[in-house]
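*Asks:* Okay, here's the structure, questions in a sec.
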Amino acid sequence: KAGVTQTPRYLIKTRGQQVTLSCSPISGHRSVSWYQQTPGQGLQFLFEYFSETQRNKGNFPGRFSGRQFSNSRSEMNVSTLELGDSALYLCASSLKEAGTQYFGPGTRLLVL
Amino acid sequence: GENVEQHPSTLSVQEGDSAVIKCTYSDSASNYFPWYKQELGKRPQLIIDIRSNVGEKKDQRIAVTLNKTAKHFSLHITETQPEDSAVYFCAAIPSDASKIIFGSGTRLSIRP
Chain A
12 KAGVTQTPRY LIKTRGQQVT LSCSPISGHR SVSWYQQTPG QGLQFLFEYF SETQRNKGNF
72 PGRFSGRQFS NSRSEMNVST LELGDSALYL CASSLKEAGT QYFGPGTRLL VL
Chain B
83 GENVEQHPST LSVQEGDSAV IKCTYSDSAS NYFPWYKQEL GKRPQLIIDI RSNVGEKKDQ
143 RIAVTLNKTA KHFSLHITET QPEDSAVYFC AAIPSDASKI IFGSGTRLSI RP
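For the protein sequence lines, the chains are A and B, in the order given. Quick note, the first sequence lines up with residues 12 to 123 if you use our numbering. Quick note, the second sequence lines up with residues 83 to 194 if you use our numbering.
This is how it looks when you write it as structure tokens:
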């Protein structure tokens, strides 16, 4: 099976703009989670979607939002970008809720 | 709230020696404990996992032990090799699969 894919892989934005990241899970996986990873930092959980419903949300401001479509593909949106939003954004899919995470390659976002 | 503490944050060992990374969890309902390895510039990947009905699991040079009473689990890497250099993350998932909680990561360096 094809692995988790994310687009775009790299993105440069300026402060105040908004961005949408996309994640396509492994075929058959219904759960998609999003994580933020900054240099030297761990995996900061953003949110998890399962069957188009948000199951969990981490401690991030409302500028961070997401959704999941009927084909399990997920998008994450960040509005009013700040310099501190520069990070690697990883999505992971799993067969079931909070299951073994299979990570995508990530989208590296740079906010100038 | 629930959390997973991971120690040490950095670890340097001589090639051929053993490395041990420890995690402590707070949610006694946790029953699944995966470990992920993230090499530089790559995505995290599952390397081994253990469920609460097992005390130890081995896979070649890697082993994980679980002490449910003390609520801690450890990753053991024997005969370390240069390719073991990476950041390792532990995680804990409760039986109701309500969330995944990751540790903060351990950067392991193997000295030649």
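C-beta atoms are modelled at their ideal positions from N, C-alpha and C, and glycine is treated no differently. Quantities reported herein were computed from a predicted structural model and do not represent experimental measurements.
Chain A partners of P116(B), CB-CB under 7 Å?
*Replies:* Reading the second sequence from its first residue, position 34 is the one you call residue 116(B). Within chain A, the C-beta atoms nearer than 7 Å to that of P116(B) come from T111, in chain order.
*Asks:* Where does V86(B) land, buried or exposed, given buried means 16+ other C-beta within 10 angstroms?
*Replies:* Translated into the one-based positions of the second sequence, residue 86(B) becomes position 4. Counting Cβ neighbours within 10 Å, V86(B) comes out buried, since at least 16 surround it.
*Asks:* Does the separation of the CB atoms of I132(B) and D141(B) fall below 7 Å?
*Replies:* On the second sequence, position 50 is the one that residue 132(B) refers to. On the second sequence, position 59 is the one that residue 141(B) refers to. No, these two residues do not count as a Cβ contact at 7 Å.
*Asks:* Can you pull the chain A neighbours of K181(B), defined as C-beta to C-beta under 7 Å?
*Replies:* Here residue 181(B) corresponds to residue number 99 of the second sequence, with the count starting at 1. Here the neighbours are N67, A109.
*Asks:* Who are the Cβ neighbours of K68(A) in its own chain at under 7 Å, not counting the five residues just before and after it?
*Replies:* Taking the first residue of the first sequence as position 1, residue 68(A) is located at position 57. Cβ neighbours of K68(A) beyond the five flanking positions: F58.
*Asks:* Are S85(A) and R74(A) touching if we call contact CB-CB under 7 Å?
*Replies:* Within the first sequence, numbered from 1, the residue matching residue 85(A) stands at position 74. Within the first sequence, numbered from 1, the residue matching residue 74(A) stands at position 63. Not in contact: S85(A) and R74(A) (Cβ atoms no closer than 7 Å).
*Asks:* Given 8 Å as the limit, is there contact between the stretch 36-46 of chain A and the stretch 93-106 of chain A, that is, 3 or more CB pairs closer than that?
*Replies:* Yes, the stretch 36-46 of chain A touches the stretch 93-106 of chain A.
*Asks:* State yes or no: is the beta carbon of G39(A) nearer than 7 Å to at least one beta carbon in chain B?
*Replies:* Stepping through the first sequence from its first residue, residue 39(A) is reached at position 28. For G39(A), the answer is no, since every Cβ of chain B falls outside 7 Å of its Cβ.
*Asks:* Would you mind sorting Y21(A) into buried or exposed? The rule is 16 or more other CB atoms within 10 Å of its CB.
*Replies:* Residue numbering aside, residue 21(A) sits at position 10 when the first sequence is read from its first letter. With fewer than 16 other Cβ atoms within 10 Å, it is exposed.
*Asks:* Within its chain, find whatever has a CB closer than 7 Å to the CB of S94(B); leave out the 5 residues flanking it on each side and keep chain order.
*Replies:* The residue labelled residue 94(B) in the question sits at position 12 within the second sequence. Counting only Cβ-Cβ distances below 7 Å, and skipping sequence neighbours, we find S191, R193.
*Asks:* Is V136(B) buried or exposed, if buried means 16 or more other CB atoms sit within 10 Å of its CB?
*Replies:* Position 54 of the second sequence, counting from 1, holds the residue named residue 136(B). Exposed, because fewer than 16 other Cβ atoms sit within 10 Å of the Cβ of V136(B).
*Asks:* What does D141(B) touch in chain A if you count any residue whose Cβ is under 8 Å from its own?
*Replies:* Counting from one through the second sequence, the residue named residue 141(B) turns up at place 59. By Cβ distance, chain A contributes nothing, its closest Cβ being about 15 Å from D141(B), past 8 Å.
*Asks:* Please report how far the alpha carbon of E138(B) lies from the alpha carbon of T49(A), in whole angstroms.
*Replies:* Here the question's residue 138(B) lines up with position 56 in the second sequence. Here the question's residue 49(A) lines up with position 38 in the first sequence. Taking the straight line joining both Cα atoms gives about 32 Å.
*Asks:* Pull up the distance between the alpha-carbon of D99(B) and that of I159(B), whole angstroms please.
*Replies:* Against the second sequence, residue 99(B) aligns to sequence position 17. Against the second sequence, residue 159(B) aligns to sequence position 77. Whole-angstrom Cα-Cα distance: 9 Å.
*Asks:* L44(B) CB to nearest chain A CB: under 7 Å?
*Replies:* The structure shown does not extend to residue 44(B), since chain B spans only 83 to 194, so no value can be given for it.
*Asks:* Say whether the stretch 104-121 of chain B touches the stretch 163-173 of chain B, bearing in mind that this needs 3 or more beta-carbon pairs closer than 8 Å, one atom from each stretch.
*Replies:* yes
*Asks:* With 7 Å set as the bound, which would you pick, yes or no: does the beta-carbon of L54(A) sit closer than that to a beta-carbon of chain B?
*Replies:* As a first step, residue 54(A) must be located in the first sequence, where it is residue number 43. Residue contact with chain B for L54(A): present (Cβ-Cβ distance below 7 Å to some residue of chain B).
*Asks:* To the nearest angstrom, how far is it from the Cα of A173(B) to the Cα of F114(A)?
*Replies:* On the second sequence, residue 173(B) is found 91 positions in, with the first residue counted as 1. On the first sequence, residue 114(A) is found 103 positions in, with the first residue counted as 1. Cα to Cα, the separation comes out at about 14 Å.
*Asks:* Please check the pair G187(B) and C105(B), which I expect to be a contact at CB under 8 Å, by giving their CB distance rounded to whole angstroms.
*Replies:* Residue 187(B) sits at position 105 when you count from the first residue of the second sequence. Residue 105(B) sits at position 23 when you count from the first residue of the second sequence. The Cβ separation is near 10 Å, so there is no contact.
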